[in-house]
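Basically the numbering used here = 1-based index in the sequence shown + 101.
All C-beta atoms in this analysis are idealised placements derived from N, C-alpha and C, irrespective of residue type, glycine included.
Please read all numbers here as calculations on a predicted model, not as lab measurements.
Input: a single structure, listed below in structure tokens.
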Amino acid sequence: QMYWGELPLSFAACTNNQDCFRLLRAFRADPNQTDTNGNTVLHLTVIHDLPEMFTLAYNSGASLSIRNNLKLTPLALAARLANKREFEQVEETALYEIEENDPSSHQNSAGFSLVTSD
Numbered sequence: 102q103m104y105w106g107e108l109p110l111s112f113a114a115c116t117n118n119q120d121c122f123r124l125l126r127a128f129r130a131d132p133n134q135t136d137t138n139g140n141t142v143l144h145l146t147v148i149h150d151l152p153e154m155f156t157l158a159y160n161s162g163a164s165l166s167i168r169n170n171l172k173l174t175p176l177a178l179a180a181r182l183a184n185k186r187e188f189e190q191v192e193e194t195a196l197y198e199i200e201e202n203d204p205s206s207h208q209n210s211a212g213f214s215l216v217t218s219d
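Below is the structure:
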């Protein structure tokens, strides 16, 4: 059974309809709104392995830090699903976000240690 989310923006993301996604965002659809499973648009792009849509959603304001009902962020969800491509994309985005927020100390941050391995 396919899971498409329960919100118009989630459905646009799951079907990889970038034009519809942009239109809904222009009308202020919230990319951080959660469905009954606690999933946001980013969680759904991970579930459906849609890297281009992940980038579009993230660049339009979707948060990497929201946890779903299983307490999983999009990064943790990608790891749990063993989706290497999505995991690497979310990891790279998270590292960029950490560096952008505090370029001098990102290697000492908790977020950095969560998304890197020795």
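Item to check | N- and C-terminal bounds of the alpha helix (DSSP H) containing S111 | outcome: Translated into positions along the sequence shown, residue 111 becomes position 10. S111: member of the alpha helix (DSSP H) spanning P109 to C115, first to last residue.
Checklist entry - With DSSP run on the structure shown, which of helix, strand or coil describes I148? => result What you label residue 148 is simply residue 47 of the sequence shown in a count that begins at 1. Three-state result, I148: helix.
Item to check | Nearest-angstrom Cβ-Cβ length linking L165 and T174, presumed shorter than 8 Å | outcome: Counting from 1 along the sequence shown, the entry for residue 165 is found at position 64. Counting from 1 along the sequence shown, the entry for residue 174 is found at position 73. Right, their Cβ atoms sit about 6 Å apart.
Checklist entry - If we ignore side chains and look at the alpha-carbon of each, how far apart do S206 and L124 end up? => result Numbered from 1 along the sequence shown, position 105 holds the residue referred to as residue 206. Numbered from 1 along the sequence shown, position 23 holds the residue referred to as residue 124. Reliability fails at S206, whose pLDDT of 46 lies under 50, so the model's placement of it is uncertain and the value that follows must be treated cautiously. Looking at the two C-alpha atoms, the distance is approximately 38 Å.
Next on the checklist: Within 10 Å of its beta-carbon, does M154 have 16 or more other beta-carbons around it, so buried, or fewer, so exposed?
Outcome noted: By 1-based counting over the sequence shown, the position of residue 154 is 53. That one is buried.
Next on the checklist: For T141 and P132, which I take to be in contact (beta-carbon distance under 8 Å), what is that distance rounded to the nearest angstrom?
Outcome noted: Here residue 141 corresponds to residue number 40 of the sequence shown, with the count starting at 1. Here residue 132 corresponds to residue number 31 of the sequence shown, with the count starting at 1. Going by Cβ atoms, the distance from T141 to P132 rounds to 7 Å, so yes, they are a contact pair.
Item to check | Helix, strand or coil at P132 [DSSP, three-state] | outcome: Taking the first residue of the sequence shown as position 1, residue 132 is located at position 31. Of the three classes helix, strand and coil, the one that applies to P132 here is coil, per DSSP.
Item to check | Where L143 sits in the DSSP three-state scheme | outcome: Walking along the sequence shown from the start, residue 143 turns up at place 42. For L143, the secondary structure class from DSSP, reduced to helix, strand or coil, is helix.
Checklist entry - Is N138 helix, strand or coil when you go by DSSP? => result Sequence index remark: in the sequence shown, residue 138 carries index 37 (1-based). Coil at N138, not helix or strand.
Checklist entry - Could you check where the alpha helix (DSSP H) with A183 kicks off and where it finishes? => result As a working mapping, residue 183 is identified with position 82 in the sequence shown. Careful: A183 lies outside any alpha helix (DSSP H) and carries neither H nor E.
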